[in-house]
Every structure is written in C-alpha cells, then in structure tokens.
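Before any comments, here is the structure.
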DNA sequence: TTGTTTGTGTATCGATCACTACATAAATTG
DNA sequence: CAATTTATGTAGTGATCGATACACAAACAA
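Chains as they are written, first to last, in our numbering: chain A, 115 to 314; chain B, 115 to 314.
Below is the structure:
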C-alpha cells in the first residue's frame with residue numbers, strides 16, 4: 115500500500131538540506147523555527163509532521179552533514195595507503211571543505227553547539243560523540259600503521275590522534291574568522307611538519 | 115563628592131566575575147538574564163542600572179576575562195627569551211588554564227559566540243577581534259625572532275602564527291569535550307614538535 | 001459518492017526572552 | 001527636619017521562543 119492520504123507538498127530531502135545549512139550557519143540554539151521554516155519553504159506544522167521536533171530535525175541534519183559534507187574529509191582514512199597520507203588528506207580536505215564558498219565556513223559538528231550547557235544536553239552530547247568518533251578513527255588508523263610497520267611501536271597513537279583532531283577543530287574557528295583556503299592549507303602543512311619528529 | 119544617593123548593595127566586581135563565569139560556561143546567547151541575575155545575586159534593574167545592558171555586561175566580562183584568565187596565557191609572549199619559549203609557554207599555559215577545575219573548561223573568547231550569525235553581530239565581532247589579536251601577537255613575536263637571528267629570514271611567520279593559534283583554539287574544543295590536562299599537554303608538545311622542521 | 005487518511009495554512013498556545021515603569025528604601029545635602 | 005539622589009524589589013512590557021489545535025485540502029478505498 116503506497117501513500118494513503120494527501121501527498122507531501124515539498125521535497126523532504128531538499129527541506130532537510132536547507133535545515134542543515136541553517137543549523138550549520140547559526141548553530142542549534144540560534145536557529146529559530148522561523149529561520150528554519152523560512153529556509154525550508156514550509157510552515158511549522160509541516161515541519162513537525164515530517165520531522166517530529168526541532169531536535170529531531172537537527173539530528174537528521176547532523177546525519178546528513180556527516181554523510182555528505184563530512185565524508186569528503188574522513189572517508190579516505192581507512193583506505194589511504196599510509197597513516198601519513200590519511201591524515202594529510204584529512205587536513206587538506208578540511209581546508210578545501212571549510213572554504214568551499216557555497217556552504218557555511220567551518221564544521222557543523224564543531225560549531226553548532228559548543229557550549230555543552232545550553233538548553234539541550236542531548237544535542238551537545240550527540241555532537242561531542244561525533245567529534246570523539248573522529249579522534250578514535252584517527253587513533254585506529256595510527257595503530258594499524260604501527261601494526262603494519264609504517265610507524266615504530268613507540269608511537270603514542272592516542273596523543274597523535276588528539277593532536278591532529280585538535281588542529282582540525284581549530285581550523286573551524288579559523289575558517290569562521292575568515293581564513294582563506296591558502297591559509298588553512300598552510301596550517302595543515304605546519305601541522306604535518308611535526309610528523310617526522312613525532313614518529314621516530 | 116563621594117557617593118550621593120543610596121549605596122549599591124552588592125560588590126560590582128564580584129557580580130561581574132559571576133557574570134563572566136555564566137557567559138564563559140553558557141555562551142552569550144544561551145546565558146539568559148535569569149541565569150545572570152541568579153548567579154550575580156541581584157535583580158534585573160540592578161543589573162541594568164550598573165552595567166547598562168546584557169551586551170555591555172558581556173563586553174565588560176570579556177575585558178575581565180582577558181585581564182584575569184587570558185593574561186596567564188599570553189602575557190609572557192613579549193618577555194620570553196625566545197619565540198620558541200614564548201609559544202611553548204602559551205600552549206602549556208593553555209593546557210593548564212583550560213583544566214583548572216574551578217573555572218569553566220576552554221576559552222571564553224573561542225566558545226562564547228562561535229556562530230557569527232547570531233542575533234548580536236557586535237558580540238561576535240568583538241570576540242573575533244580578540245582572536246585575531248592573539249594571532250597578530252604571535253606573528254609579531256616571530257618576526258622579532260627573525261630580526262634577532264633566532265629564526266631564519268625564510269620563516270613564514272604568518273603561517274606559523276596561524277598554525278599555533280589554530281592549535282590553541284582547537285584545545286578549547288578538546289577541553290570542553292573533557293580532555294585531561296595531560297592530554298592537552300601532550301597536544302601542546304605534538305604541536306611544538308614541528309618547530310625544527312618549520313624553522314630551518 | 002462517501003469515508004478515511006494524511007498534509008497544509010491560519011491562528012494561536014504557554015513559556016521565556018531582554019528589558020523597564022514605578023513605588024519604595026537608603027544614603028547625602030540643605 | 002525636608003529635599004535630593006541613587007539603588008532595589010515587584011511586577012510587569014511587547015517580542016519571540018518551540019510547539020499545536022483546528023479546520024480545510026487532497027489523495028486513496030469502498
């Protein structure tokens with residue numbers, strides 16, 4: 115039995131994409147329902163009937179962000195031939211993604227709710243979990259590089275992973291403050307310059 | 115002529131300090147007047163009579179933050195014997211300041227209004243200006259190090275400054291996410307590990 | 001056609017937002 | 001003692017917050 119009642123008058127995915135951009139630009143709390151419905155081209159009852167609540171919409175927007183925007187940054191970590199290439203790609207792809215021009219600057223996961231004490235703890239926790247996952251991803255890749263002989267057994271994989279995600283997070287602030295793609299790429303290169311010293 | 119009418123019933127500096135902690139923890143927009151007046155132990159009319167507005171109170175809180183909390187991080191940049199020592203101290207002092215225990219984690223300047231599209235543009239711009247000033251401070255110190263012969267003339271002082279402030283900003287996110295002092299110190303050491311490669 | 005189901009638009013809801021009018025309290029000045 | 005000045009507490013202001021009640025529109029099933 116396909117759809118029963120009146121069909122939806124708008125594209126759910128397109129509306130979600132618009133909502134993602136609003137959350138990305140303004141953050142969770144500062145994105146009002148008026149902002150969201152205006153950007154999505156629908157009225158509040160349609161939003162609630164389709165997505166449930168502002169928070170549920172946000173979680174869907176985060177999932178879409180991770181799937182579309184985040185993938186270009188993180189997807190090659192596992193498949194890159196070396197840990198060095200994997201992390202260099204993460205930082206360079208970050209510089210590119212944060213200055214694309216047609217999307218908000220910086221990372222939604224980092225910038226959308228950094229306060230942790232806002233009205234909605236679940237929103238903060240979800241973003242925090244995503245940030246942590248990125249660090250774990252890098253740490254796993256570094257551990258694999260140790261197993262495969264790319265890096266010495268003495269490598270402090272956790273410290274390196276923390277360091278590189280810290281740079282990646284800091285690049286969000288720089289991007290929001292207007293840093294150019296060239297500046298972000300130079301920051302990435304500076305960060306990678308510690309590779310030799312940290313893996314020997 | 116010392117004070118004329120009824121004397122103020124609370125300590126202005128103490129109240130400002132309390133307000134600073136609220137803004138530091140919750141950010142500008144998420145800090146409601148109810149939060150502020152509760153923490154400050156006063157009613158709204160006293161707040162407005164003394165500080166003018168929420169925004170004016172915030173600007174005073176930022177100034178107090180820079181003066182008290184930020185000084186321990188940035189004050190030795192000019193006086194440190196070398197640029198290397200100056201920046202190493204910035205990062206180590208950052209790790210210490212962000213995990214003090216009796217103050218909120220991370221930097222108020224970075225975390226209090228990262229969205230730039232919130233209701234109040236002047237608040238965002240003021241914080242952005244403070245962030246930029248930190249980068250310029252580092253860049254000036256690096257240029258001086260080139261003049262004094264500590265660093266070669268080929269050093270890209272602007273790139274290095276951008277890189278180290280990026281790490282310093284990223285540490286705010288890590289601190290908010292619960293990173294320990296040891297973790298932040300290790301991140302600082304990783305960041306400094308690129309010094310040799312970047313200055314030769 | 002009639003009944004059922006689902007989506008949409010209008011017009012709100014109570015709660016909270018930053019902010020303030022107003023009367024009173026507490027000090028100095030004459 | 002007034003008279004003046006400043007601060008405080010109560011009780012609100014209009015605006016906006018996230019979220020909905022409700023009537024109607026548009027599809028299908030019978």
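We put the beta carbon where it would ideally sit given N, CA and C, even for glycine.
- In terms of Cβ geometry, residue 311 (chain B) and residue 307 (chain A) form a close pair [threshold 9 Å].
- Below the 9 Å Cβ cutoff, chain B contributes 288, 293, 297, 298, 300, 301 and 304 as neighbours of residue 276 (chain A), in chain order.
- At least one beta carbon of chain B lies nearer than 9 Å to the beta carbon of residue 141 (chain A).
- Residue 306 (chain A) carries a helical assignment under DSSP once its states are collapsed to helix, strand and coil.
- Fewer than three pairs of CB atoms, one per stretch, sit closer than 8 Å, so the segment 269-280 of chain A makes no contact with the segment 182-194 of chain A.
- Taking residue 226 (chain B) as reference, the option from B:145, B:178, B:186 and B:165 with the minimal CA-CA separation is B:145.
- Secondary structure at residue 221 (chain A): coil, using DSSP grouped into helix, strand and coil.
- A check of alpha carbon separations from residue 218 (chain A) across A:138, A:240, A:171 and A:122 identifies A:138 as the nearest.
- Comparing C-alpha distances from residue 304 (chain A) to each of B:281, B:132, B:229 and B:203 shows the shortest one belongs to B:281.
- Around the beta carbon of residue 168 (chain B), 16 or more other beta carbons sit within 10 angstroms, so the residue counts as buried.
- Look at the segment 185-199 of chain A: it has no residue with a C-beta under 9 Å from a C-beta of chain B.
- Under the three-pair Cβ rule at 8 Å, the segment 149-163 of chain B does not count as touching the segment 186-204 of chain B.
- A contact is defined here as three or more CB-CB pairs under 8 Å, and the segment 287-302 of chain A meets this definition with respect to the segment 209-218 of chain A.
- For residue 242 (chain B), the neighbours in chain A by C-beta distance under 9 Å run, in chain order, 290, 291 and 292.
- A residue is called buried when at least 16 other Cβ atoms come within 10 angstroms of its Cβ; residue 159 (chain A) does not meet this threshold and is exposed.
- Against chain B, a Cβ distance below 7 Å from residue 224 (chain A) picks out 287.
- Non-local beta-carbon contacts of residue 133 (chain B) in its own chain, meaning distances under 6 Å to residues more than five positions away in sequence, involve 150, 154, 171 and 175 in chain order.
- Contact between residue 207 (chain A) and residue 220 (chain A) fails: their C-beta atoms lie close to 14 Å from each other, not under 8 Å.
- Residue 135 (chain B) and residue 262 (chain B) have their alpha carbons spaced roughly 40 Å apart.
- Judged by DSSP secondary structure, residue 154 (chain B) falls within the alpha helix (DSSP H) whose first and last residues are 147-154.
- For residue 284 (chain A), the enclosing alpha helix (DSSP H) begins and ends at 271-290.
- Closest option to residue 124 (chain B), judged by alpha-carbon separation, among B:257, B:313 and B:163: B:163.
- The Cβ atoms of residue 173 (chain A) and residue 259 (chain A) lie no closer than 9 Å to each other.
- For the pair residue 287 (chain B) and residue 224 (chain A), the CB atoms are nearer than the 9 Å cut-off.
- Annotation: Cβ neighbours of residue 232 (chain A) in chain B (cutoff 8 Å, chain order): 140, 141 and 144.
- Distance from the CA atom of residue 256 (chain A) to the CA atom of residue 272 (chain A), rounded to whole angstroms, is 8 Å.
- Residues of the segment 153-172 of chain A with a C-beta less than 8 Å from any C-beta of chain B: none at all.
- Residue 260 (chain A): member of the alpha helix (DSSP H) spanning 235-261, first to last residue.
- Residue 192 (chain A) and residue 266 (chain A) have their alpha carbons spaced roughly 19 Å apart.
- Residue environment: residue 232 (chain A) is assigned as buried (16 or more neighbouring CB atoms within 10 Å of its CB, all protein chains considered).
- Interface flag for residue 204 (chain A) against chain B is unset, since no Cβ pair is found closer than 9 Å.
- Chain-order list of chain A residues neighbouring residue 312 (chain B): 304 and 307, by C-beta distance under 8 Å.
- The residues 227 and 230, in chain order, have a CB closer than 6 Å to that of residue 238 (chain B) in the same chain once the five nearest residues on each side in sequence are set aside.
- Approximately 6 Å separates the beta-carbon atoms of residue 178 (chain A) and residue 130 (chain A); this is inside 8 Å, confirming the contact.
- Shown here, residue 264 (chain A) sits in coil according to DSSP, grouped into three states, outside any helix or strand.
- Residue 141 (chain A) carries a coil assignment under DSSP once its states are collapsed to helix, strand and coil.
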